[in-house]
Amino acid sequence: MNYGEIKKNDIANGEGVRTSLFVSGCRHHCKNCFNQNTWDFGFGELFTEETVTEILESCKPDWISGLSILGGEPFEPENQKVLLPFLIMFKERYPDKDIWCYSGFTFEEITGKETSRAHTDISEELLSLIDVLVDGRFVEELKNISLVFRGSSNQRIIDVKKSLENKAISLYLE
Ligand code: SF4
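For the sequence shown, the numbering used here assigns the number 69 to the initial residue and increments by one for each residue that follows.
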């Protein structure tokens, strides 16, 4: 997996002050995507052990709330394989910090309720490590700049743990 950017002390992509990782590769190709460079799976740098160390170190201070994963598309099958062991490691090291993830796939697509390439043999395990999922493709016609932490009104900010427990979508923020 490649990544385009690591943003430290980010306050735009989740609650609190966070480290944000922008992974490369996305096949959704939403109209007027904010980050078209990252469609290419070869964009940016290779995600290595050094990258993992850099991210984990950046999350060490108490005032860092957690990690955000964006793209590109974290739930493209290739990216899931690299993110799964990384997020397991993150949660082992920082059980009290949260993980936000932005995906163009919906919760239903990731869990296999709706047919999608995002539903793999590891997608549900990966999802279970995430606390908050901002889901759905960016839809230009539904763009609304007053929305917090999302670009278009079809996207939902989902409390993943509650949604998995209740087997029904539970929103983290309206
Ligand atoms: S899912 Fe995100 S990165 Fe992919 S095309 Fe849509 S807006 Fe761009």
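For every residue, glycine included, the Cβ atom is placed at its ideal position computed from N, Cα and C.
> Got a sec: does ligand 1 put a non-hydrogen atom nearer than 7 Å to the Cβ of Arg-185?
Replying inline: no
> In whole angstroms, what is the alpha-carbon distance linking His-187 and Phe-115?
Replying inline: 23 Å
>> Comparing C-alpha positions only, which one of Ser-238, Pro-163, Leu-89 sits nearest to Gly-140?
In response: Leu-89
> Does DSSP classify Val-228 as helix, strand or coil?
Replying inline: helix
>> Using a 10 Å radius around the Cβ and a threshold of 16 neighbouring Cβ atoms, would you call Pro-153 buried or exposed?
In response: exposed
>> Once the 5 residues before and after Thr-106 are set aside, which same chain residues still bring their CB inside 8 Å of it?
In response: Gly-72, Phe-90, Val-91, Ser-92, Gly-93, Cys-94, Gly-112, Gly-139, Gly-140
>> Taking only three categories from DSSP, how would you classify Asn-70?
In response: strand
> Hey, how far is the Cα of Gly-110 from the Cα of Lys-181?
Replying inline: Going from the Cα of Gly-110 to the Cα of Lys-181 covers about 30 Å.
> What is the DSSP secondary structure of Phe-217, reduced to helix, strand or coil?
Replying inline: coil
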